[in-house]
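Undergrad: Here the numbering used here is used: the first residue of the sequence shown is 12, the next is one more, and so on.
A single structure is presented below for examination.
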Amino acid sequence: MLTRLSQSEARRLAISSQGLDGHWHPPKGKEGVVEAIGRLGYVQIDTIAVVERAHHHTLWARCPDYTPQMLHQLQTVDRRIFEYWANAASYIPMADYRFYLPQMRAAANRRHEWYLSNEGREIRKHVMARIRDEGPLRSADFKAPTGRKRGSWWDWKPAKQALEWLFDMGELMIAERRNFQRLYDLTERVLPASVNTTVPSPEDVARFIVRRVLGTWGVAPVSELRWGWHRHPGIADAVAELTSTGEVTAVRIGGLEEDWLALTRTVEAPGQAPGSDHVHILSPFDSMVIRRSHLARLFDFHCKLECYMPAPKRQWGYFCLPILCGERFIGRIDAKAHRKAKTLIIRKLIAEPSVREFYGVLAALASTLWTFAAFNGCEQVVIEKTTPAQLKKPLQRELT
Numbered sequence: 012m013l014t015r016l017s018q019s020e021a022r023r024l025a026i027s028s029q030g031l032d033g034h035w036h037p038p039k040g041k042e043g044v045v046e047a048i049g050r051l052g053y054v055q056i057d058t059i060a061v062v063e064r065a066h067h068h069t070l071w072a073r074c075p076d077y078t079p080q081m082l083h084q085l086q087t088v089d090r091r092i093f094e095y096w097a098n099a100a101s102y103i104p105m106a107d108y109r110f111y112l113p114q115m116r117a118a119a120n121r122r123h124e125w126y127l128s129n130e131g132r133e134i135r136k137h138v139m140a141r142i143r144d145e146g147p148l149r150s151a152d153f154k155a156p157t158g159r160k161r162g163s164w165w166d167w168k169p170a171k172q173a174l175e176w177l178f179d180m181g182e183l184m185i186a187e188r189r190n191f192q193r194l195y196d197l198t199e200r201v202l203p204a205s206v207n208t209t210v211p212s213p214e215d216v217a218r219f220i221v222r223r224v225l226g227t228w229g230v231a232p233v234s235e236l237r238w239g240w241h242r243h244p245g246i247a248d249a250v251a252e253l254t255s256t257g258e259v260t261a262v263r264i265g266g267l268e269e270d271w272l273a274l275t276r277t278v279e280a281p282g283q284a285p286g287s288d289h290v291h292i293l294s295p296f297d298s299m300v301i302r303r304s305h306l307a308r309l310f311d312f313h314c315k316l317e318c319y320m321p322a323p324k325r326q327w328g329y330f331c332l333p334i335l336c337g338e339r340f341i342g343r344i345d346a347k348a349h350r351k352a353k354t355l356i357i358r359k360l361i362a363e364p365s366v367r368e369f370y371g372v373l374a375a376l377a378s379t380l381w382t383f384a385a386f387n388g389c390e391q392v393v394i395e396k397t398t399p400a401q402l403k404k405p406l407q408r409e410l411t
């Protein structure tokens, strides 16, 4: 059976699945954050802090009362989320832990020659013994003691490498982040006893990936059925099985050539259309935009991270934030939060060339900018440049 959707309907499914259509209302406090992470499957962690870090930004976009302390408590005290590799380093629902066990086993099988050397074994034993005896430790806690020469096995770099390998293999977990630094502890002391640690079969993992991808993004082509950067060889069989049982539906989207897929329950109960003045300012690491090819195909919006490029080569700016309005991405802003001055600087606002209705949503955009400024601890919003230039004055008027 083939379900036909317009691009508008497919976009609506995607935005609804992401919890950004204005019709999903998570509980207040930590419970809402848990629901948001569960809905997305993972929330990517990033170090860039020109505005509030990506993981906080992603959760705030869905949970208006979100504070970073909520995330800290969920990881450190409640143990309802854990940190591991999804698309990158990410916060992941603890309920999904078992589906990452094959990835941990694969990491154990990719051990480096140094890891297996006598020196590597000694460092691993030393690292594990210290953590077992002293409790959670940072990589910085393994710097060479006073009086010892650097370059010995006490050195920070090999110990840091051992910590990362032990983490990848699942022998250590992140107990908490303190001032954004990881604290490693024994998995047995972090992982709740109630968590299912049964290693899933390859078929179980393939079904998990299909359900997760379609549940998170609403619709996806077969080529996008991956979780993180890993492509699972059993995806085609999982799709065939879930389609035959009616859990997954083949979808043809108007204007797009490739066949797509969706969970049948989402197609049968499509999301309501988001309001045309419903505006989100998103992180470039937000789940909604992290799959660039998916974003380009479904929304005809191109998003590229330019902070690692030389300034003269940047098209949009250092750290551009996509603007989602209703069912369309209408532009992007290059923003910086000057926290000491409590000022959000919009270095550049760029409207999408195809968007004619931008002027009609300036009031809603201004309101969202003020909310975003408050989230970043800012009390002023300054617009430096807009493209087209004639947007600047009317937007400034809406901000006053």
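Even glycine gets a Cβ: it sits at the ideal position worked out from N, Cα and C.
Note that this is a predicted model, so its numbers are computed, not measured.
Reducing DSSP to helix, strand and coil, say where M184 ends up.
TA: In this structure, M184 counts as strand in the three-state DSSP scheme.
Undergrad: Where DSSP assigns a beta bridge to C336, which residues make up the other side?
TA: V290 and R339
Undergrad: Which of the three DSSP states, helix, strand or coil, is assigned to T208?
TA: Here T208 sits in coil by DSSP.
Undergrad: Given this structure, state the Cα-to-Cα distance separating F383 from R143, to the nearest angstrom.
TA: 42 Å
Undergrad: If you run the structure through DSSP and keep just helix, strand and coil, what is F178?
TA: helix
Undergrad: Figure out for me which residue from H34, R276 and T411 has the closest Cα to the Cα of V393.
TA: T411
Undergrad: Does L31 pass the burial test, meaning 16 or more other C-beta atoms within 10 Å, or should it be called exposed?
TA: buried
Undergrad: If you follow the alpha helix (DSSP H) that C303 is in, where does it begin and where does it stop?
TA: It is Arg, not Cys, that sits at residue 303 in the sequence shown. Note, R303: alpha helix (DSSP H), R303 to F310.
Undergrad: Looking at C-alpha atoms only, which residue of F296, P75 and E269 is the closest neighbour of R308?
TA: E269
Undergrad: Near M115, what residues of its chain come up, given a Cβ to Cβ distance below 6 Å and the 5 sequence neighbours on each side ignored?
TA: M180 and G181
Undergrad: Using only alpha-carbon positions, find the residue among Y195, A186, R189 and N190 that is nearest to K171.
TA: Y195
Undergrad: Looking only at its own chain, which residues have a Cβ that is under 7 Å from the Cβ of L85, when we skip the five neighbours before and after it?
TA: Hits under 7 Å: K41, V44, V45, R91 and I92.
Undergrad: Answer with buried or exposed for V290, where buried requires no fewer than 16 other C-beta atoms within 10 angstroms of its C-beta.
TA: buried
Undergrad: Measure from the alpha carbon of W376 to the alpha carbon of each residue in G146, K396, I292 and L274, then state which is nearest.
TA: Before going on, a small fix: residue 376 reads as Leu here, not Trp. For the residues G146, K396, I292 and L274, the minimum Cα distance to L376 belongs to I292.
Undergrad: Please go through the same chain and pick out, in chain order, the residues whose beta-carbon is closer than 6 Å to the beta-carbon of K359, but skip the five residues on each side of it.
TA: G328, D345 and K396, listed in sequence order.
Undergrad: Could you compute how far the alpha carbon of A374 sits from the alpha carbon of W381?
TA: 11 Å
Undergrad: How should A173 be labelled, buried or exposed, when 16 other C-beta atoms within 10 angstroms of its C-beta is the threshold for buried?
TA: Buried.
Undergrad: Would you tell me roughly how many angstroms separate the C-alpha atoms of A280 and L316, rounded to the nearest one?
TA: 35 Å
Undergrad: Look at G52 and R223 and say whether their C-beta atoms are less than 8 Å apart.
TA: yes
Undergrad: Are there three or more Cβ pairs, one per stretch, closer than 8 Å when the region 101-109 is compared with the region 50-68?
TA: Contact holds between the region 101-109 and the region 50-68, because three or more Cβ pairs, one in each stretch, are under 8 Å apart.
Undergrad: Rounded to whole angstroms, how far is the Cβ of S28 from the Cβ of G226, which I believe are closer than 8 Å?
TA: 7 Å
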